[in-house]
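First to last, the protein sequences are chains A and B.
With this note's numbering, letter number 581 in the first sequence gets 581, and the count goes up by one each step, no holes.
With this note's numbering, letter number 485 in the second sequence gets 485, and the count goes up by one each step, no holes.
C-beta atoms are modelled at their ideal positions from N, C-alpha and C, and glycine is treated no differently.
There are 2 protein chains.
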Amino acid sequence: MKGIFSPGRVAVIGVSAKPENLGRNIMLNLIDFGFDGVAYPVGPNGGAITTRRIYKSLADIPDAIDLAVIFVPARFVPQVMEDCGQKGIKRAIIETAGFSEYNDEGKNIEDQVVAIAEKYGIRFIGPNCIGVINMENGFCVPFPRLTPFIRKGEVSIISQSGGVGLSIMNHMAAEGIGLNKFASVGNMLNISAEDLLEYYIEDEGTRTIFIYLEGIRDGRRLMDLAKRSPKPILVMKSNIGELGQSVAASHTASLSSDDRVVDTAFRQSGITRVHDVTTLSHYMKTLLLPALNNKRLAIISRSGGHAIVAADACETVGFELAEFPESFIRDIEKHFRASVIKLTNPLDLGDLFDLDVYYNIVEQTLAQENVDGVAFLHTSVARTERGPTRDLIARLDALSRKFNKPVAVYVSANSAEISGLRQELDFPIFTHIVEMFRALKLDYDHSQAMADVVLEEESPAPIVDKADVQQLIENAAAENRDLLLNEAMDVLECYRIPTVRGLAASSAEEAGSAADSLGYPVAMKVISEHISHKSDAGGVQLNLRDRDGVIAAFHDMNTRIRTAFPDAKLDGVMVQPMAIGGRELILGGRQDNQFGPVILVGMGGIFVEIFEQASMRIGPVSRKDAMAMIEELNGAQILMGARGQKRFDIDAIADAIVHLSQLLTDFPQIRELDVNPLRIFHEGNGCLALDARIIL
Amino acid sequence: MKGIFSPGRVAVIGVSAKPENLGRNIMLNLIDFGFDGVAYPVGPNGGAITTRRIYKSLADIPDAIDLAVIFVPARFVPQVMEDCGQKGIKRAIIETAGFSEYNDEGKNIEDQVVAIAEKYGIRFIGPNCIGVINMENGFCVPFPRLTPFIRKGEVSIISQSGGVGLSIMNHMAAEGIGLNKFASVGNMLNISAEDLLEYYIEDEGTRTIFIYLEGIRDGRRLMDLAKRSPKPILVMKSNIGELGQSVAASHTASLSSDDRVVDTAFRQSGITRVHDVTTLSHYMKTLLLPALNNKRLAIISRSGGHAIVAADACETVGFELAEFPESFIRDIEKHFRASVIKLTNPLDLGDLFDLDVYYNIVEQTLAQENVDGVAFLHTSVARTERGPTRDLIARLDALSRKFNKPVAVYVSANSAEISGLRQELDFPIFTHIVEMFRALKLDYDHSQAMADVVLEEESPAPIVDKADVQQLIENAAAENRDLLLNEAMDVLECYRIPTVRGLAASSAEEAGSAADSLGYPVAMKVISEHISHKSDAGGVQLNLRDRDGVIAAFHDMNTRIRTAFPDAKLDGVMVQPMAIGGRELILGGRQDNQFGPVILVGMGGIFVEIFEQASMRIGPVSRKDAMAMIEELNGAQILMGARGQKRFDIDAIADAIVHLSQLLTDFPQIRELDVNPLRIFHEGNGCLALDARIIL
């Protein structure tokens with residue numbers, strides 16, 4: 001991947017001398033950004049550009065080439081790739097649009113390009129993108145004309161949209177956040193966002209990674225990479241709703257995924273999702289500071305009003321104000337002349353106007369063991385203070401590194417002064433107090449999340465009867481049907497999820513005998529591959545109290561279903577003992593195209609309407625995860641035993657979740673699975689699956 | 001109030017020729033902002049400033065003066081006010097700090113100032129503030145040195161902190177939002193934030209009002225003013241938490257109020273609360289556009305990527321994309337050359353590069369009846385497009401006014417270009433897509449909320465036995481105690497809140513007879529002014545099944561309470577029939593210092609822990625409000641009859657809420673009131689207060 005960002009010799013293909021030529025922009029960008037290699041313009045009409053010869057073909061270039069930037073009409077791209085292969089070029093960036101995102105003919109060309117690349121072993125970015133920027137060596141090849149608009153810094157970007165990527169870099173520039181590398185990935189025919197992420201995680205110049213995605217290609221790889229990344233990863237994923245998706249389909253070849261699954265996957269792998277650019281830039285800033293490892297902050301402010309806003313924000317995001325020991329207060333008191341202000345945290349600098357003293361106070365504060373970070377609020381910068389302010393902030397930067405604690409600096413001044421400071425300083429400056437604290441919170445959360453992700457335990461796999469399940473699934477698959485109710489219940493039993501042990505029966509008499517042997521009252525449910533919503537179809541009869549009742553119910557059920565679904569094949573009924581007491585949960589799972597098995601648990605019964613939210617995890621789910629899923633439930637207090645009520649069997653629920661996760665991981669053939677309801681009982685009494693559906 | 005913002009002749013008191021003199025800044029600010037009146041500098045040392053004579057005293061000024069700006073040390077302020085009075089000055093702005101916010105001596109001086117102002121009928125702003133800016137006439141008197149840093153516009157500001165106010169104006173300037181009037185109110189000894197709000201509501205130059213508050217002085221007046229205001233009012237209220245409050249006490253003389261009450265009051269009166277400056281500036285921008293009266297938007301974008309982000313944001317905030325009729329699509333198709341892009345909403349302008357065509361498309365779109373507003377996304381502005389872009393946006397401004405529909409304009413470009421556009425245009429430019437849609441949502445919500453506030457019905461007062469309650473309260477007040485349990489239940493009955501009708505008894509025998517007459521089972525509760533948490537004290541016995549049980553329980557209760565509270569005066573017991581069935585709610589109210597009666601309703605019983613949140617309103621509560629309170633409850637579905645369960649008696653709950661509100665409004669002496677539990681039954685069966693506490 002280094003070859004993509006740091007080529008020595010580059011051919012830019014599609015350049016002409018005409019001023020409106022966009023390939024020409026690529027050459028000019030390389031020149032303006034000070035590319036440290038050699039660039040060879042190529043275009044069929046030849047001519048010259050900025051005193052360089054435009055080669056009529058690749059073959060004319062006397063030197064070996066490391067990378068080709070291709071910006072010729074789509075129909076010529078296969079030939080150009082062929083030429084690249086012939087010349088031994090192993091890296092390419094194809095910026096041209098008009099491929100699969102455009103029409104079928106484009107898809108056709110795409111396939112040719114992929115084949116040629118494979119033949120010659122060419123790795124390439126694109127097509128349908130604006131290429132790459134590397135601020136470390138001035139390699140800047142987007143086709144829009146750019147002047148060096150952003151500082152070199154430590155944030156690297158992967159963007160699925162060139163336009164959105166450029167917008168974000170503009171915002172970063174305005175906020176004084178430096179860029180390390182940028183890549184617009186387009187249709188990702190060869191090099192994917194995940195490939196680039198893997199590279200950025202190892203890249204020395206990159207400290208924070210930002211990814212803009214419209215779709216997720218390989219969710220599991222993304223998760224695996226993110227879990228292993230010591231660097232913070234921020235992701236903005238658009239194309240969330242139906243409205244956006246209709247555009248995205250034609251814009252890039254994005255697969256849309258269930259947005260809640262994306263949220264869950266990101267949270268599980270320590271990716272921070274952002275939904276707007278303002279939040280993004282605040283986060284980028286704070287993640288460039290040393291990590292905030294605990295919650296005790298000191299606020300040092302030049303204005304009382306700002307101190308109040310800051311203290312509010314500090315509390316709102318859940319931080320504490322470090323308590324200053326008496327000795328420390330006596331120390332800093334010496335800096336104050338008249339001592340008219342009560343010294344406390346937040347520390348109001350009041351009538352102190354000496355910036356050197358500010359520095360000393362911040363240093364003394366950072367030295368306090370119970371201070372994990374400092375929020376420094378600098379306001380109303382007079383014009384004469386410009387120089388000293390810049391010097392102070394530069395020195396605070398050094399202090400922050402020295403103590404390895406974040407010093408978040410807020411400055412209130414007019415925008416010209418802020419821009420000036422940002423141009424001169426390589427240190428984040430916040431201009432919004434509340435957002436600064438939210439950003440510090442992210443910094444803190446991120447350090448916590450990273451710890452959590454690393455420490456995640458792997459549960460021992462439960463001992464299960466995998467072969468039996470394999471057999472049941474193969475049988476159903478052979479008959480091209482989903483699992484029947486009794487089979488589904490058997491599968492659960494095989495995976496140690498207790499079910500209400502019912503008996504299958506194919507006649508009224510058999511049902512009666514089954515009920516006799518189970519004891520009354522019983523429930524009866526239809527078994528049929530054609531009827532998945534049994535209750536709606538009249539296929540569930542509850543509370544049958546004797547043999548006659550069972551036999552009558554069998555006939556009644558049969559008649560009703562035959563009337564409603566004349567074509568349904570009936571495979572008999574399941575007779576179950578009625579489960580008494582307890583509460584109902586819903587347990588389920590499905591295979592997500594991008595992320596694999598997804599496990600859900602939610603409140604059932606009357607609560608299902610009230611607590612619509614369910615807990616979700618990407619599998620495999622550890623026991624710790626399972627407990628967290630239960631605790632997350634809206635209504636968890638009911639399960640935990642609210643207000644002196646008895647606690648339910650949380651262990652049993654957690655086991656059921658872990659085992660279900662194992663089942664879905666072992667059998668990707670199971671497309672969808674519902675245990676509804678899972679009846680749970682008080683502590684020590686376990687749980688029972690009363691009904692189940694398994695869709696292949 | 002006009003005299004404060006538009007004086008003809010102004011004396012600035014506290015000016016010297018020394019460069020570090022802050023009074024001098026005030027004079028220079030007036031000059032730089034082009035004040036259209038006459039300013040007379042006054043200072044005891046005389047001398048000259050910018051070729052003007054500094055008068056040694058007010059009396060030396062030969063002309064009559066309309067307003068005095070006072071910036072002399074606190075101890076001299078009373079004399080200066082006296083001088084002002086003598087000279088017949090009726091308006092003053094006192095910027096000096098060091099009054100009650102500082103120490104007791106300062107409080108003393110404050111009292112003198114107030115007395116003098118009263119004697120001479122002087123209305124004044126301050127002290128402890130930075131004064132006033134009026135962009136209409138250049139009246140700019142803050143003591144920090146300002147250069148004209150912000151455009152004249154239509155947003156007016158009231159700020160309780162000078163520093164925060166300046167920060168916000170800096171942000172407005174950076175975002176291109178114009179200012180009309182600014183007032184820093186400080187300690188509000190005479191002119192309050194509410195006075196200024198009343199003035200801004202009527203002020204012709206003001207279109208949107210922003211208030212920064214650290215405390216609320218007169219909450220009811222604020223609500224009344226806001227309810228009548230046709231102009232949007234945005235409030236940022238800090239000093240929310242405990243951390244902030246400790247600073248605020250010393251910073252300004254702010255009364256802190258329960259933040260949830262503030263939220264409720266604002267929502268009820270159509271005030272939009274903002275918690276950060278970013279949101280504030282987005283809202284300020286959108287509120288300068290015509291109101292968005294319905295949810296159907298058109299998105300017109302120059303970039304596909306931005307269109308996706310915009311469509312997501314549109315859906316996320318709850319808007320719809322207007323459907324374009326076929327005829328309209330055929331019309332705009334004519335603008336496209338190759339017609340390679342499918343024309344739909346969001347409309348991707350794709351390969352169209354003609355800005356005049358953009359204008360025509362926006363115009364045609366606005367003309368569509370089913371389009372309520374347009375989001376126009378303009379990206380990657382080439383340098384050659386600067387002029388045309390500015391002209392296009394200016395013309396979109398005119399279009400927006402013509403059709404009276406908002407055209408929200410987003411521009412992606414580097415910050416220099418954005419600043420340039422903002423300096424040249426008097427039209428809001430958004431640079432963040434997601435925030436733009438959130439802002440449009442605010443615009444929409446605001447127009448809806450204004451309609452709601454205006455349409456609020458006044459319920460007819462319930463017919464109640466006010467005199468009886470008066471008597472009960474007077475009796476208790478005379479004995480300097482709160483109401484006893486039986487009295488509290490009587491009060492509820494007087495206000496038509498049904499109670500479980502119990503009988504008071506003062507001996508075991510009496511209790512037994514009472515129980516006999518009520519029928520079994522019964523509950524027994526202690527009556528004592530000294531025991532407010534009866535259950536904890538052993539003062540509640542439930543489910544007593546016969547006379548012997550009642551008598552035994554009486555003795556048992558007596559013993560337990562005597563042991564635990566040897567000094568408590570016992571006034572007997574209340575014997576109540578046991579209420580069977582139903583669910584429990586908690587109903588309560590209290591007097592808020594700033595807002596008056598506050599009414600709460602929450603889920604009770606097991607749900608109290610699960611749904612911690614309660615619904616709250618500032619009284620008086622109309623029946624419509626009461627219904628809304630119930631619907632707002634987390635768990636309302638249970639009451640409404642979730643999943644085929646029976647509906648509870650919502651009407652009865654609503655009545656109880658309205659009557660309780662009436663009670664608290666009629667009797668401000670009732671400091672706190674709890675009905676816990678209010679037992680509610682299925683529809684038609686009403687509700688019963690089982691227990692009540694009334695604190696005077």
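Three-state secondary structure assigned by DSSP to residue i
i              : result
C129 (chain B) : coil
E214 (chain B) : coil
H432 (chain A) : coil
S254 (chain B) : Confidence in S254 (chain B) is poor, its pLDDT being 39 and thus under 50, which makes the residue's placement unreliable; the coordinate value appears in the next sentence. Reduced to three states, the DSSP call for S254 (chain B) is coil.
D592 (chain A) : strand
M578 (chain A) : coil
Q112 (chain B) : helix
I360 (chain B) : The question names Ile, yet the displayed sequence has Asn at residue 360 (chain B). Helix at N360 (chain B).
G583 (chain A) : Before going further, note that residue 583 (chain A) is Arg rather than Gly in the sequence given. Here R583 (chain A) sits in strand by DSSP.
K525 (chain B) : strand
N705 (chain B) : Outside the shown range of chain B (1 to 696) lies residue 705 (chain B), about which nothing can therefore be said.
T208 (chain B) : strand
A249 (chain B) : Legend: pLDDT at A249 (chain B) = 48, less than 50; position of this residue unreliable, no value from coordinates given.
Start-to-end residues for the alpha helix (DSSP H) that takes in residue i
i              : result
N475 (chain B) : K466 to A478
H282 (chain B) : V277 to T286
K402 (chain A) : R386 to F403
F427 (chain B) : Run containing F427 (chain B): none; DSSP gives neither H nor E here.
L222 (chain A) : G219 to R228
G549 (chain B) : R547 to A564
Limits of the beta strand (DSSP E) - the one that residue i falls within
i              : result
E672 (chain B) : E672 to I680
E664 (chain A) : Here residue 664 (chain A) turns out to be Leu, not Glu, going by the sequence shown. Run containing L664 (chain A): none in the beta strand (DSSP E); it sits in the alpha helix (DSSP H), I650 to D666.
R693 (chain B) : A692 to I695
Y410 (chain B) : V407 to S412
V235 (chain B) : I233 to K237
S415 (chain B) : Not the beta strand (DSSP E): S415 (chain B) falls in the alpha helix (DSSP H), residues S415 to E424.
S751 (chain A) : Only positions 1 to 696 of chain A appear in this structure, which leaves residue 751 (chain A) out of reach.
S192 (chain B) : Segment: none, S192 (chain B) is in no beta strand (DSSP E) and carries neither H nor E.
Near the ligand FMN: residue i beta-carbon under 6 Å from a heavy atom
i              : result
T264 (chain B) : In the structure on display, the ligand FMN does not appear, and there are no ligands present to speak of.
Interface positions of the segment 265-279 of chain B facing chain A (Cβ-Cβ less than 7 Å), listed along the chain: H275, D276, V277 and T278
Are the segment 513-527 of chain A and the segment 541-549 of chain A touching by the rule of at least three beta carbon pairs closer than 8 Å? yes
Can you list, in chain order, the stretches of the beta strand (DSSP E) that have 3 or more residues and sit fully within the segment 126-190 of chain B? 131-134, 152-159 and 179-184
Check whether the segment 441-448 of chain A and the segment 642-657 of chain A are in contact - that is, three or more C-beta pairs closer than 8 Å. no
Those runs of the alpha helix (DSSP H) which lie wholly inside the segment 71-100 of chain B and span at least 4 residues: 77-87
Residue ranges of each alpha helix (DSSP H) within the segment 473-522 of chain A, 4 or longer: 485-494 and 508-518
Do the segment 66-86 of chain A and the segment 102-119 of chain A touch if we need at least three Cβ pairs shorter than 8 Å? yes
Please identify, using Cβ separations under 7 Å, the residues of the segment 319-338 of chain B that lie next to chain A, in order along the chain. L321
What are the residues of the segment 664-693 of chain A that lie near chain B, defined by any Cβ-Cβ distance shorter than 7 Å? none
Residues of the segment 286-314 of chain B in Cβ contact with chain A at a cutoff of 7 Å, in chain order, please. S303, G304, G305, H306, A307, I308, V309, A311, D312 and C314
Can at least three beta-carbon pairs, one atom from the segment 186-199 of chain B and one from the segment 116-135 of chain B, be found at a separation below 8 Å? yes
For the segment 579-588 of chain B and the segment 551-564 of chain B, state whether three or more C-beta atom pairs, one from each stretch, are separated by less than 8 Å. no
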